[in-house]
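Quick note, the sequences are listed as chains A and B, same order. By numbering that gives the first Met the number 0, the letter at position 185 of the first sequence is numbered 184, and the numbering carries on one by one without gaps. By numbering that gives the first Met the number 0, the letter at position 136 of the second sequence is numbered 135, and the numbering carries on one by one without gaps. Worksheet: one structure, shown below.
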Amino acid sequence: MIELEGLTKRFGTKTAVDHLSFQVRPGQVTGFLGPNGAGKSTTMRMVLGLDHPTSGTARIDGKHYGELDEPLTYIGALLEAGGLHGGRSAYNNLLCLAQSNRIPERRVAEVLDLVGLSAVARKKPKGFSMGMGQRLGIAAALLGDPQILMFDEPVNGLDPEGIHWIRNLMKALAAEGRTIFVSSHLMSEMALTADHLIVIGRGKLLADTSMADFIHQNSRSYVRVRSPQPEQLRDALHSSGMTVAEEGNGTLEIDGATTEEVGELAGRHGIVLHELSAQRASLEEAFMRMTAAAVEYHAHDANAPQWAPKGV
Amino acid sequence: MASVPAVLRSEWTKIRTVSSTVWTLTSALVVTVALGAALSALVRATFEDMPPIEQATFDPTVVSFSGMLLGQLAMVVFGVLVVGTEYSTGMIRTSLAAVPRRGTFLFSKIFVAGVLALVVGLATSFLSFFLGQALLGEHRTSIGEDNVLRAVIGGGLYMGLMAVFSMGVAAMLRSTVLSLGILVPFFFLISQILSAVPKAKEVAEFFPDQAGSTIMQVVPGAMGSDPPPYGPWGGMGIMLLWVTAALLGGYTVLKKRDA
């Protein structure tokens, strides 16, 4: 389990991570979502003890990262910027990591096999494609067979097959009871992988919820209807107490109605319909609404002192 | 916290599995020995043409080490690359995630690389000496003469310490390019030029390379140079102070800064 308590990181006057408190639990994939620059990577680096927090703590199984004996056997991480030596063979890159944490050498061949890189084990990573590089980074994370895995934007630069592979890998690892903490700036990607969701914007926690709850709360469902007689249709809908939004071209959107209700209503009034469909707002939109609010809030906040004093 | 022997083993694997280790250390040895040999042969042929002051203070040991001025640069490059590559490749984050105790990480790395540099430095200095003396003919000295063994061992120590000093500087600057851009011109040009300028010379004498290289002189004020205000071991002590300062600086930076 990863536990954050009031974790804060300031670079000069800029607050990159702002009093983050949450827990990442075992047995599920926890998605860590936020737009670029929201503070995801900084948070992950602080968990690994790479960046020093300005205040607050990050603990792994109750301990600070620096207190872990052989940390790679507790937590494995794939960080955004590669982090391996391009001129040293894939095998040797992993070997020096294994040796530092007294991980048996046979494990190197095992993880290379697991990520499908056995054939290029003796090759130098500088000749690897981006996808192979990511696989090697994942092999490094798995080296110590850790119970906690942290992946920073693992699907970046991967082809569809690679994305599919990594998704299944994360789910399989979580199913084994491991803690999987994965960051992304793509809601659509998280919707397919994560069981739990932590959303941050401008370093602040915006949501800490199960994926199911998030979908339930944020996916607005509505009926979309198009008719050559939009005025009559709108009046009919209004008079039956439905909320209608006009989208132009004779298209109307009705919140909280079913297609049956709308279709029958149109039938009763003899209105011709060209389209009648149930719609769901995408999670991507919900996510953007949520983070856009955070961005705006901060923008006002930053301007506040300039405006406030004289009340002009 | 990872155990120190495990970290030493890991750092040894890192050093022996990159090609830069082989080419920098081989260059250090080959350049120093070859250049020393060439100059020794030249000096033997032109001994009678040397100014009387140089003939009077003729130091065959120093002559056989002439190649070190250039060869030491390869040692500097080795030292810079050992530490700097961690930063240029982004591997520093992986390394510190594996070994979170930064002092253990840095000093294990420097210990392993420093011992290797010292071994290569000693091999270089003994080879340079024996080859150089063989080529100096009747002007040669022998390892059994007073202070000669000290000078030859000192030459190896000097090369090893140049590498370690560079490692400390690279840890402070956290960049291969920046470190090389400062150290190479400094040792190859600035230090050499200043040591030839009358007033600046008094300062340059306390630079790590100028101070440390006095240990290789058997004749005080060898080859017509002004003797510095310290002895051979005093000079080595000054160099050690520089090395210690660079290591402490590098450690402080690594400890304080975000990786």
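No residue lacks a Cβ here, since even glycine has one placed at the ideal position from N, Cα and C.
Looking at C-alpha atoms only, which residue of 203(B), 174(B), 175(B) is the closest neighbour of residue 188(B)? One-based indexing of the second sequence puts residue 188(B) at position 189. The shortest C-alpha separation from residue 188(B) is found at 203(B).
Residue 41(B), buried or exposed, once every other Cβ within 10 Å from all chains shown has been counted against 16: The count along the second sequence starts at 1 and reaches residue 41(B) at position 42. So residue 41(B) counts as exposed.
Helix, strand or coil: how does DSSP classify residue 134(A) here? On the first sequence, position 135 is the one that residue 134(A) refers to. Residue state, collapsed to three classes: helix.
Spell out the partners DSSP gives residue 23(A) in its beta bridges. Within the first sequence, the letter at position 24 stands for residue 23(A). Residue 23(A) pairs with 1(A).
For residue 301(A), does the count of other Cβ atoms within 10 angstroms reach 16, so buried, or fall short, so exposed? Along the first sequence, one-based indexing puts residue 301(A) at 302. Interpretation of residue 301(A) is limited by its pLDDT of 44, a score under 50 that renders its predicted location unreliable; no figure is taken from the coordinates.
Any beta carbon of chain A sitting closer than 8 Å to that of residue 97(B)? Mapped onto the second sequence, residue 97(B) falls at position 98. By this cut-off, residue 97(B) is an interface position.
In three-state terms, what does DSSP make of residue 213(B)? In the second sequence, counting from the first residue as 1, residue 213(B) sits at position 214. DSSP places residue 213(B) in helix when its eight states are reduced to three.
The stretch 166-186 of chain A in contact with the stretch 22-40 of chain A per 3-pair CB rule at 8 Å: yes
Tell me whether residue 10(B) is buried or exposed, calling it buried when 16 or more other Cβ atoms sit within 10 Å of its Cβ. As a first step, residue 10(B) must be located in the second sequence, where it is residue number 11. The residue in question, residue 10(B), is buried, as its Cβ has 16 or more Cβ neighbours within 10 Å.
Is the beta carbon of residue 195(A) sitting closer than 8 Å to the one on residue 29(A)? Your numbering for residue 195(A) matches position 196 in the first sequence. Your numbering for residue 29(A) matches position 30 in the first sequence. Taking 8 Å as the Cβ cut-off, residue 195(A) and residue 29(A) qualify as a contacting pair.
Could you tell me whether the stretch 84-93 of chain A touches the stretch 107-122 of chain B, where touching means 3 or more Cβ pairs closer than 8 Å? no
For residue 49(A), which three-state DSSP category applies? To locate residue 49(A), count along the first sequence from 1; it is residue 50. Coil.
Can the beta-carbon of residue 93(B) be found closer than 8 Å to that of residue 83(A)? Residue mapping note: residue 93(B) aligns to position 94 of the second sequence, counting from 1. Residue mapping note: residue 83(A) aligns to position 84 of the first sequence, counting from 1. Going by C-beta atoms, residue 93(B) is nearer than 8 Å to residue 83(A).
Would the stretch 52-62 of chain B and the stretch 202-221 of chain B be scored as touching if the rule is three or more Cβ pairs under 8 Å? yes
Alpha carbon of residue 40(A) to alpha carbon of residue 264(A), nearest angstrom: As a first step, residue 40(A) is located in the first sequence; it is residue number 41 there, counting from the start. As a first step, residue 264(A) is located in the first sequence; it is residue number 265 there, counting from the start. Roughly 52 Å between the two C-alpha positions.
Kindly list the residues whose CB is nearer than 8 Å to the CB of residue 50(A), restricted to its own chain and excluding five residues on each side of it in sequence; keep chain order. Walking along the first sequence from the start, residue 50(A) turns up at place 51. The answer, listed in chain order, is 8, 41, 44.
Classify residue 99(B): buried if its beta carbon has 16 or more other beta carbons within 10 angstroms, exposed otherwise. As a working mapping, residue 99(B) is identified with position 100 in the second sequence. Buried, by the Cβ-count rule.
Can you name, in chain order, every residue of its own chain whose Cβ lies under 8 Å from the Cβ of residue 237(A), other than the five neighbours on each side? Numbered from 1 along the first sequence, position 238 holds the residue referred to as residue 237(A). Within the same chain, residue 237(A) has close Cβ partners 243.
Which bits of chain B does residue 99(A) rub up against, with CB to CB less than 7 Å? Position 100 of the first sequence, counted from the first residue, corresponds to residue 99(A). Chain B residues near residue 99(A): 1, 5, 6, 9, 97, 98.
Pick out whichever of 33(B), 44(B), 106(B), 30(B) has its Cα sitting closest to the Cα of residue 246(B). As a first step, residue 246(B) is located in the second sequence; it is residue number 247 there, counting from the start. Of 33(B), 44(B), 106(B), 30(B), the residue nearest in Cα terms is 106(B).
Which residues share a DSSP beta bridge with residue 54(A)? Start at 1 with the first residue of the first sequence, and residue 54(A) comes out as number 55. Answer is 7(A), bridged to residue 54(A).
Spatial neighbours of residue 190(A) within its chain, please: C-beta separation below 8 Å, excluding the five flanking residues on both sides. By one-based count along the first sequence, residue 190(A) stands at place 191. The answer, listed in chain order, is 210, 214, 282.
Quick check: residue 47(A) and residue 76(A), are their CB atoms within less than 8 Å of each other? On the first sequence, position 48 is the one that residue 47(A) refers to. On the first sequence, position 77 is the one that residue 76(A) refers to. Their beta carbons are under 8 Å apart, which means residue 47(A) touches residue 76(A) by this criterion.
Tell me residue 278(A)'s beta-bridge partners as DSSP assigns them. Reading the first sequence from its first residue, position 279 is the one you call residue 278(A). Paired residues: 221(A).
Using DSSP with H/G/I as helix, E/B as strand and the rest coil, what is residue 218(B)? Sequence index remark: in the second sequence, residue 218(B) carries index 219 (1-based). Residue 218(B): coil per DSSP, three-state reduction.
Do residue 123(B) and residue 166(B) have their C-beta atoms within less than 8 Å of each other? Within the second sequence, the letter at position 124 stands for residue 123(B). Within the second sequence, the letter at position 167 stands for residue 166(B). Going by C-beta atoms, residue 123(B) is not nearer than 8 Å to residue 166(B).
Could you tell me whether the Cβ of residue 23(B) comes closer than 8 Å to any Cβ of chain A? Reading the second sequence from its first residue, position 24 is the one you call residue 23(B). No, no contact with chain A.
Amino acids of chain B, ordered along the chain, whose beta-carbon sits closer than 9 Å to that of residue 64(A): As a first step, residue 64(A) is located in the first sequence; it is residue number 65 there, counting from the start. In chain order: 96, 99.
Thinking C-alpha only, which one of 226(B), 200(B), 186(B) is nearest residue 76(B)? Counting from one through the second sequence, the residue named residue 76(B) turns up at place 77. It is 186(B) whose Cα lies nearest to the Cα of residue 76(B).
The stretch 242-258 of chain B in contact with the stretch 174-185 of chain B per 3-pair CB rule at 8 Å: no
To be precise: take each residue of the stretch 191-210 of chain A, compare its Cβ to all Cβ atoms of chain B, and keep it if any distance is under 7 Å. Which residues remain? none
Ignoring anything shorter than 4 residues or poking outside the stretch 56-94 of chain A, list the alpha helix (DSSP H) runs there in chain order. none
Hey, how far is the Cα of residue 267(B) from the Cα of residue 54(B)? An answer regarding residue 267(B) cannot be provided, because it is not within the stretch 0 to 258 covered by chain B.
What residues of chain A sit near residue 92(B), judged by a beta carbon separation below 8 Å? Here residue 92(B) refers to the residue found at position 93 of the second sequence. Those are 44, 47, 49, 78, 80, 82, listed as they occur along chain A.
Between residue 220(B) and chain A, is any beta-carbon pair separated by less than 8 Å? Counted from its first residue, the second sequence places residue 220(B) at position 221. Output row for residue 220(B): interface = no.
Give the single residue among 261(A), 272(A), 224(A), 200(A) whose Cα lies nearest to the Cα of residue 289(A). Here residue 289(A) refers to the residue found at position 290 when the first sequence is read from its first residue. Closest by alpha carbon: 200(A).
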